[in-house]
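Number 427 in the numbering used here belongs to position 53 of the sequence shown; there are no gaps in the numbering. Think of the CB as a built atom: it goes at the ideal place given N, C-alpha and C, for glycine as much as any other residue. Note that the structure is predicted; figures quoted are calculated from it, not measured.
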Amino acid sequence: MLPPTDNKDVNPFELRSLREQVYQYLRTEMLNGRIIPGEYIRLNEMSERLGISKTPLRDAIIQLECEGFVTILPRRGVVMNRLSLQDVKDAYDIVGAIEAYVLVDVCSRFTDERLDAMTAINVSMKEMIEGDDFDDRYADFFGLNLTFHDHFLDLSDNRQVKKIIIPFKQRLYDFPRRRYIREWERQNCREHDELIDLICAGDGKAAADMLQNRHWSFSYYEGFIRQFYQEPLK
Numbered sequence: 375m376l377p378p379t380d381n382k383d384v385n386p387f388e389l390r391s392l393r394e395q396v397y398q399y400l401r402t403e404m405l406n407g408r409i410i411p412g413e414y415i416r417l418n419e420m421s422e423r424l425g426i427s428k429t430p431l432r433d434a435i436i437q438l439e440c441e442g443f444v445t446i447l448p449r450r451g452v453v454m455n456r457l458s459l460q461d462v463k464d465a466y467d468i469v470g471a472i473e474a475y476v477l478v479d480v481c482s483r484f485t486d487e488r489l490d491a492m493t494a495i496n497v498s499m500k501e502m503i504e505g506d507d508f509d510d511r512y513a514d515f516f517g518l519n520l521t522f523h524d525h526f527l528d529l530s531d532n533r534q535v536k537k538i539i540i541p542f543k544q545r546l547y548d549f550p551r552r553r554y555i556r557e558w559e560r561q562n563c564r565e566h567d568e569l570i571d572l573i574c575a576g577d578g579k580a581a582a583d584m585l586q587n588r589h590w591s592f593s594y595y596e597g598f599i600r601q602f603y604q605e606p607l608k
């Protein structure tokens, strides 16, 4: 349970911290399938259950709406958004374009240590794919995937890059599904290896082209995408 609060004499920094806790709580509920797409979030019930006022809960809901996870419907409540195939395509287009731009810009900045770290992450991802508990550990796999891409995103001088694309990635991967597609993830890892090879060769343009037009291409992976996102929830 989150610490109780009310709207009187609350330190704004404590309130911000509480809002962030509520936000993380809601994201965890979504990730674990306790709040599902199309379902209304009962704010009064949740406020009472968590022992908090509506202020931090409302602020967390507003942040979730800005990131595309929920929609606030006047006089009706808050509903968790369903992810349509058009949403997926839009996210792929945006993330692919931004990551390709960054990769061209930072290609000359890679060190051997950074490339070794990316290689080690990809090896761990491959091992997880072949494990018997892959479905149960997919959240960890997604975390490794984020970290792999962060190794070149962090080289960018543009501090807004990750703020823009992380919510898109979270929307793409954070909803529980019936099963995950190992061959799609194997291909994902093969492309990571190819990306590393192209960076080592100093060919930032080719690396960016592969990233945008294959790795983040909706049309290239449409079969897997339709299979994954149209799979019913448990």
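Item	Value
For the stretch 516-528 and the stretch 481-492, state whether three or more C-beta atom pairs, one from each stretch, are separated by less than 8 Å.	yes
By the DSSP assignment, the beta strand (DSSP E) with leucine 447 in it spans what residues?	444-447
Measuring straight from C-alpha to C-alpha, what distance separates proline 606 and threonine 445?	Summary for proline 606: the model assigns pLDDT 48, below 50, so the residue's position carries little reliability, and this model does not support an answer.
Evaluate leucine 459 with the Cβ neighbour count: other Cβ atoms within 10 Å of its Cβ, from every protein chain shown; 16 or more gives buried, anything less gives exposed.	exposed
Distance check for glycine 578 and glutamine 586, CA to CA, integer angstroms please.	12 Å
On the three-state DSSP scale, how would you describe glycine 505?	coil
Under a three-way DSSP split, which group does glycine 451 fall into?	strand
Would you check if the distance between the CB atom of leucine 392 and the CB atom of isoleucine 415 is smaller than 8 Å?	no
By Cβ distance, which residues of its chain are closer than 6 Å to tryptophan 590, with the 5 residues on each side in sequence left out?	Tyr466, Val469 and Gly470
If you follow the alpha helix (DSSP H) that tryptophan 558 is in, where does it begin and where does it stop?	556-574
When the Cα atoms are used, what is the spatial distance from tryptophan 558 to glutamine 398?	29 Å
May I have the straight-line CA-CA distance separating valine 497 from glutamate 504, to the nearest angstrom?	11 Å
Where do the N-terminal and C-terminal ends of the alpha helix (DSSP H) with glutamate 439 fall, by residue?	428-440
Taking 8 Å as the threshold (C-beta atoms), are valine 476 and phenylalanine 592 in contact?	no
Using the Cα positions of tyrosine 603 and leucine 457, report the straight-line distance between them to the nearest angstrom.	8 Å
Give the range of the alpha helix (DSSP H) segment to which phenylalanine 484 is assigned.	Unbroken run through phenylalanine 484: none, as it is neither H nor E.
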